[in-house]
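Colleague:
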Amino acid sequence: MAAEDDGARPGIAAPAAGTATRAAGTAIPDAVPTGTATLAARAGTTSGSGIATEQRVLDLVTGAEVRDLAVELVRAVGENPPGGEGPMAQVLAAACRDRGLEVVLTEVAPDRPNVVARTPGGTGPSLLLLAHTDVVPVGEGWSVPPFAGQVVDGRLVGRGAADTKGNLAAAVVAMAALVRAGVRLTGPVELAAVVDEEETGLGVQAYLADHAAPLAGCVVAEPTDLRTVAAARGDSYVRIHVTGRAAHAGSPADGVNAVAGAARVVTALGRWHGELAAAAHPLVGPATVNVGEIHGGTGTSTVPADCVVAVDRRLLPGESGADALRELAARLDALDLAGAGMGVRAEVVMEMPGFETPVDAPLVRTAAAAVRDAGGPDLPVTGWSAACDGGYVARATGTDVVVLGAGSVTGQAHRPDESVALADLLTAARAYALCALRTLG
1 MAAEDDGARP
11 GIAAPAAGTA
21 TRAAGTAIPD
31 AVPTGTATLA
41 ARAGTTSGSG
51 IATEQRVLDL
61 VTGAEVRDLA
71 VELVRAVGEN
81 PPGGEGPMAQ
91 VLAAACRDRG
101 LEVVLTEVAP
111 DRPNVVARTP
121 GGTGPSLLLL
131 AHTDVVPVGE
141 GWSVPPFAGQ
151 VVDGRLVGRG
161 AADTKGNLAA
171 AVVAMAALVR
181 AGVRLTGPVE
191 LAAVVDEEET
201 GLGVQAYLAD
211 HAAPLAGCVV
221 AEPTDLRTVA
231 AARGDSYVRI
241 HVTGRAAHAG
251 SPADGVNAVA
261 GAARVVTALG
271 RWHGELAAAA
281 HPLVGPATVN
291 VGEIHGGTGT
301 STVPADCVVA
311 VDRRLLPGES
321 GADALRELAA
331 RLDALDLAGA
341 GMGVRAEVVM
351 EMPGFETPVD
361 APLVRTAAAA
371 VRDAGGPDLP
381 VTGWSAACDG
391 GYVARATGTD
401 VVVLGAGSVT
411 GQAHRPDESV
421 ALADLLTAAR
431 AYALCALRTL
441 G
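Each step along the sequence shown adds one to the number in UniProt numbering, with nothing skipped, and position 84 is 84.
(1) Would you identify the three-state DSSP class for Y432, choosing helix, strand or coil?
(2) Could you pull the DSSP bridge partners for F147 from this structure?
(3) DSSP three-state call for D153: helix, strand or coil?
(4) Just verifying my parser: in three-state terms, what is the DSSP assignment at C388?
(5) Under 8 Å, do L215 and T397 count as touching if we go by C-beta distance?
(6) Buried or exposed for G339, going by 16 or more other Cβ atoms inside 10 Å?
(7) Can you tell which of A177, M342, C307 has the C-alpha that lies nearest to the C-alpha of E293?
(8) Where do the ends of the beta strand (DSSP E) carrying H241 lie?
(9) Given this structure, state the Cα-to-Cα distance separating A423 from A370, to the nearest angstrom.
(10) Taking only three categories from DSSP, how would you classify A178?
(11) Pick out whichever of R155, A89, S126, R118 has its Cα sitting closest to the Cα of V135.
(12) Among T298, S301, A262, P317, which one has its Cα closest to the Cα of V291?
(13) Apart from the five residues on each side of it in sequence, which residues of its chain come closer than 6 Å, Cβ to Cβ, to L185?
(14) So who's on the other strand from N290, going by DSSP bridges?
(15) Identify whether N80 lies in helix, strand or coil by the three-state DSSP scheme.
(16) Give me whichever residues DSSP pairs with H281 in a beta bridge.
(17) Quick check: A94 and A193, are their CB atoms within less than 8 Å of each other?
(18) Taking the alpha carbon of L346 as the reference point, which residue from D360, S236, N167, E319 has its own alpha carbon closest?
(19) Taking all protein chains shown into account, do 16 or more other C-beta atoms lie within 10 angstroms of the C-beta of R313, making it buried, or fewer, making it exposed?
(20) Please state whether the Cβ-Cβ distance between Y392 and V204 is less than 8 Å.
(21) With a threshold of 8 Å, are at least 3 pairs of Cβ atoms found where one atom belongs to the segment 246–263 and the other to the segment 315–331?
(22) Residues bridged to H295 by DSSP?
(23) Specify, as a first and last residue, the run of the alpha helix (DSSP H) that A262 falls within.
(24) Measure from the alpha carbon of T427 to the alpha carbon of each residue in G375, C435, T382, L276, then state which is nearest.
(25) Can you check the segment 180–229 for any alpha helix (DSSP H) of at least 4 residues that lies completely inside it and give the ranges in chain order?
(26) Looking only at its chain, what residues have a beta carbon closer than 7 Å to the beta carbon of A280, apart from the 5 residues adjacent to it on each side?
(27) Could you give the distance in angstroms between the alpha-carbon of L69 and the alpha-carbon of L226?
(28) Kindly list the residues whose CB is nearer than 7 Å to the CB of R97, restricted to its own chain and excluding five residues on each side of it in sequence; keep chain order.
(29) Looking at the unbroken beta strand (DSSP E) that takes in E347, where does it start and where does it end?
(30) Determine which residues share a DSSP beta bridge with T382 and list them.
(31) Quick one: residues in its chain with C-beta nearer than 6 Å to the C-beta of G44, no 5 flanking neighbours on either side, listed in chain order?
(32) Under 8 Å between the Cβ atoms of Q150 and G139?
(33) Kindly identify the DSSP beta-bridge partner or partners of residue 442.
(34) Which residues bound the beta strand (DSSP E) around L129?
(35) Can you pull the DSSP bridge partners for S320?
(36) So, for R405: in the same chain, excluding its five sequence neighbours on each side, which residues have a beta-carbon less than 6 Å away from its beta-carbon?
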């Protein structure tokens, strides 16, 4: 559904219903919006010194710093495809070094480096803050320059503002506040800003292959409307290739029409999608099937010998692309295309796993409370129909994963005039800092 206008400026999309944002034009507060009272209320479970430490860190997370860094990151581009996140990575790495973080850049592919930044000190398991440096292509329909990083009525507008450069800036500022406050944590906070999240996940897979250190948890900095996401669907791209036999269109009976066979495949995929809807996951909803592309034939006057159907098959937590492929193969066999002289084969060309963390896990409870204590809304734990790099982390390490950030994945991400409320980015930054203090304190 197209985003609605907020009435403040033509073309700037309003946040989705229920999004936790302040009114347009509201100044970004440098003091914790409601955090002081909330932190004091925790005195029964947290020592006075612990509350004082948290307050000191929160006071060091300012809206101005989050805004300025987010603007700088939006201006660094990083469209994918085609890739080439190098300039964005250099801007991010410099920002991290300037804030006292230890930084390593690792080339995943030419001009596509992952950026890993860590807070110094601490030898125990680390808290991973995971984000990505790439953004989807701009597309058409923008009312403002997409990489200018303009601020309009309290919202940062630009490609990647919500997904997820704003949250990446929030994570960096949160880590910087921990360093400036001089807090001693049991382990480091590690930021992995990886390439290629928007396409095939090359960056996070390379990061996990190089990092075997134990994790205390993973917070994925993506737009969730400041809701704590404890489960997310995965995704798989499946390519189905139907083969027939070419012939002159004047004598179609001499050939075998692969496009006609593909039409039968598409009909079967529609039935599969409907059946999957009956088995919805309580947090993320059902698995889905979407036919995204069809390519077949060489010309109108020729019976097509080949047709390729490109399918997006969303995965439930715990489900793999191989699982989905086996079920698809059974459905293709039932069509008996071979009986009509056709061949058919299917392959998974991309897989991004989903994940599910128990809603009562310490990291989930910590993240939800951190948003509230940082001055944000008190929202229930939820699931995410989108896929993200967090599934790779959960599968490779077995650690608990949550997704948390400012902005809307359904109402803002991947759209013209993408935007995010600066006040929500401030809340996200403070929530990330509290997650670190309470996980590694």
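From the three backbone atoms N, C-alpha and C, an ideal C-beta is built for every residue, glycine too.
Modeller: Taking the structure as given:
(1) The three-state secondary structure of Y432, taken from DSSP, is helix.
(2) Beta-bridge pairing links F147 to no other residue.
(3) coil
(4) coil
(5) yes
(6) exposed
(7) C307
(8) 234–243
(9) 16 Å
(10) In the sequence as presented, Ala is not what sits at residue 178; that position holds Leu. Of the three classes helix, strand and coil, the one that applies to L178 here is helix, per DSSP.
(11) A89
(12) A262
(13) G122, L440
(14) D312
(15) coil
(16) G285
(17) no
(18) Correcting the residue type first, residue 346 is Ala in the shown sequence and not Leu. Among D360, S236, N167, E319, the Cα nearest to that of A346 is on S236.
(19) buried
(20) Y392 is a Cβ neighbour of V204, given a cutoff of 8 Å.
(21) no
(22) V308
(23) Start and end: 258–276.
(24) G375
(25) 202–210
(26) P286
(27) 20 Å
(28) V103
(29) Note, E347: beta strand (DSSP E), 343–352.
(30) Looking at the DSSP assignment, T382 forms a beta bridge with V229.
(31) Model confidence at G44 stands at a pLDDT of 41, short of 50, so the residue's coordinates are unreliable; what they give is reported in the following sentence. Result list for G44: empty, nothing under 6 Å.
(32) no
(33) No answer is possible for residue 442: the residues shown for the chain start at 1 and end at 441.
(34) Where L129 is concerned, the enclosing beta strand (DSSP E) stretches over 126–132.
(35) S320 pairs with nothing; no bridge assigned.
(36) Checking the sequence shown, residue 405 turns out to be Gly, not Arg. The residues are N167, A221, E222, P223, T224, A428.
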